[in-house]
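Below you'll find the structure, written out as structure tokens, and then a few comments.
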Amino acid sequence: MARGTTYLAKRASRRNMIEATGAMLGLTAASGTVTGRATRSRVRESRDGPRVTAHRGFRDVFPQNTVAAVEGASRLGADRIEIDAVATGDGEIVVFHDERLDDLTDESGPVAETPAETVLDAEVLGSGETVPTLARALEAAESNVTMNVEFKASGPLSWTEFAERALRVASRESERFYVSSFDPDALRAVTDVSPHTDVAPIFGRNAAENLEIARELDAEAVNCSLGVLDRDLVETAHDEGREVNVWTVDTWREARAPIELGADGLIADYPNMTAFAAGGSRGSGSSQ
Numbered sequence: 000m001a002r003g004t005t006y007l008a009k010r011a012s013r014r015n016m017i018e019a020t021g022a023m024l025g026l027t028a029a030s031g032t033v034t035g036r037a038t039r040s041r042v043r044e045s046r047d048g049p050r051v052t053a054h055r056g057f058r059d060v061f062p063q064n065t066v067a068a069v070e071g072a073s074r075l076g077a078d079r080i081e082i083d084a085v086a087t088g089d090g091e092i093v094v095f096h097d098e099r100l101d102d103l104t105d106e107s108g109p110v111a112e113t114p115a116e117t118v119l120d121a122e123v124l125g126s127g128e129t130v131p132t133l134a135r136a137l138e139a140a141e142s143n144v145t146m147n148v149e150f151k152a153s154g155p156l157s158w159t160e161f162a163e164r165a166l167r168v169a170s171r172e173s174e175r176f177y178v179s180s181f182d183p184d185a186l187r188a189v190t191d192v193s194p195h196t197d198v199a200p201i202f203g204r205n206a207a208e209n210l211e212i213a214r215e216l217d218a219e220a221v222n223c224s225l226g227v228l229d230r231d232l233v234e235t236a237h238d239e240g241r242e243v244n245v246w247t248v249d250t251w252r253e254a255r256a257p258i259e260l261g262a263d264g265l266i267a268d269y270p271n272m273t274a275f276a277a278g279g280s281r282g283s284g285s286s287q
């Protein structure tokens, strides 16, 4: 498969993913053209249980958002891996979660005001791993793993500039990826730069408002918190052909409701959810 393809797993297990071809960002209209948007419901019917996303690369097992985390989560069978993309003070797109370096690394200061040279040399949680570029993190994933690239903070860049840079990298380095964000403007920039790249709003409140944002963007999924998950949300999203991914699910008790409601994905900090999701889905007998 040529690089430059974007995926959201297309409502099926990764064994049944629909292949899609993507034009490299020139920037033309389509980094990662996704086939089959009109056939979402049909594809959804073939799914074989919730897919597990390794949140920050299973952050409670590996040093979060590092190459080691991406490699480790891939080895442990994650269907998808979520990483956080931010811009440094000089506009480099790196993988890091916090606004400041202080709590997670041996450096200090706001990422958005710190040059890439310093950020990329920062050691994460005393692990020996350093903050990676977006390119390096994506390159570390196994080819059958879908990358969920969360646009976290654009730093000194506009969201359009950020999207152009990040999508150019993603199209080159990843065979399967989509973009998620809490910020609707970040996703609007993605759809402006590359209309066929899959996007998903992230939210922990105001479900109705965020479902409307999903409609505006023709989002492939909604990534919601456990706190707002209910049957109406799942049924509405599914009726509109969207996937529902739920965060953060780290115990079998927390996983029970999403599985019973027919959620498509579990976003987790621990790899044990991979085994539970497979067993739970068989036991629940859920179908769409």
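Residue numbers for the sequence shown, in numbering that gives the first Met the number 0: 0 to 287.
In this text, a Cβ means the ideal position worked out from N, Cα and C, and glycines have one as well.
This structure is a prediction, so every number in the text was calculated from the model and none was measured.
How would you call residue i, buried or exposed, if buried means at least 16 neighbouring beta carbons within 10 angstroms?
i, result
"G127", "exposed"
"D238", "exposed"
"N222", "buried"
"T113", "buried"
"N64", "buried"
"S157", "exposed"
"R164", "buried"
"T132", "buried"
"T250", "exposed"
"E116", "exposed"
"R167", "buried"
"R204", "exposed"
"R252", "exposed"
"E174", "buried"
"T4", "Because the pLDDT at T4 is just 44, under 50, the model does not fix this residue reliably, and the value given afterwards should be weighed accordingly. It counts as buried."
Could you check how far apart the C-beta atoms of residue i and residue j are, in whole angstroms? I think they sit under 8 Å.
i, j, result
"F150", "S180", "4 Å"
"L265", "R230", "In fact, because the Cβ distance is near 17 Å, the residues do not count as touching under 8 Å."
"A206", "L232", "5 Å"
"E172", "E138", "5 Å"
"P62", "V118", "The pair is not a contact, with the Cβ atoms about 15 Å apart (cut-off 8 Å)."
Return the CA-CA distance between residue i and residue j, expressed in angstroms with no decimal places.
i, j, result
"S142", "G56", "15 Å"
"R255", "L228", "12 Å"
"G240", "R135", "33 Å"
"E70", "L210", "33 Å"
"E219", "A199", "6 Å"
"E98", "F202", "19 Å"
"H96", "V192", "24 Å"
"V289", "G48", "Because the chain is modelled from 0 through 287, residue 289 falls outside the range shown and cannot be assessed."
"P257", "E234", "12 Å"
"V178", "A140", "16 Å"
"D102", "G88", "18 Å"
"V245", "R74", "22 Å"
Leaving out the 5 sequence neighbours to the left and right, which residues in its chain are closer than 7 Å to residue i when beta-carbon positions are compared?
i, result
"A121", "L100, T104, D105, E106, T129 and V130"
"Y269", "F57, D59, V60 and D249"
Does the distance from the C-beta atom of residue i to that of residue j stay below 9 Å?
i, j, result
"G290", "G90", "With the chain running from 0 to 287 in the structure shown, residue 290 is simply not present."
"T190", "D217", "yes"
"I92", "N147", "no"
"A77", "V51", "yes"
"F176", "A185", "no"
"D83", "V66", "no"
"V144", "A262", "no"
"A274", "T247", "no"
"I212", "P183", "yes"
So, for residue i: in the same chain, excluding its five sequence neighbours on each side, which residues have a beta-carbon less than 6 Å away from its beta-carbon?
i, result
"A236", "V221 and V243"
"A188", "W158, T159 and A162"
"A53", "A72, A77 and I80"
"I214", "Note on residue identity: the sequence assigns Arg, not Ile, to residue 214. So the list is empty, once near-sequence residues are dropped."
What does a CB cutoff of less than 8 Å around residue i pick up in its chain, not counting 5 residues either side in sequence?
i, result
"G152", "Looking at the sequence itself, residue 152 is Ala, so the reference to Gly does not match. V85, A86, E98, V110 and A111."
"M272", "V51, V248, D249, A254 and L265"
"G125", "D105"
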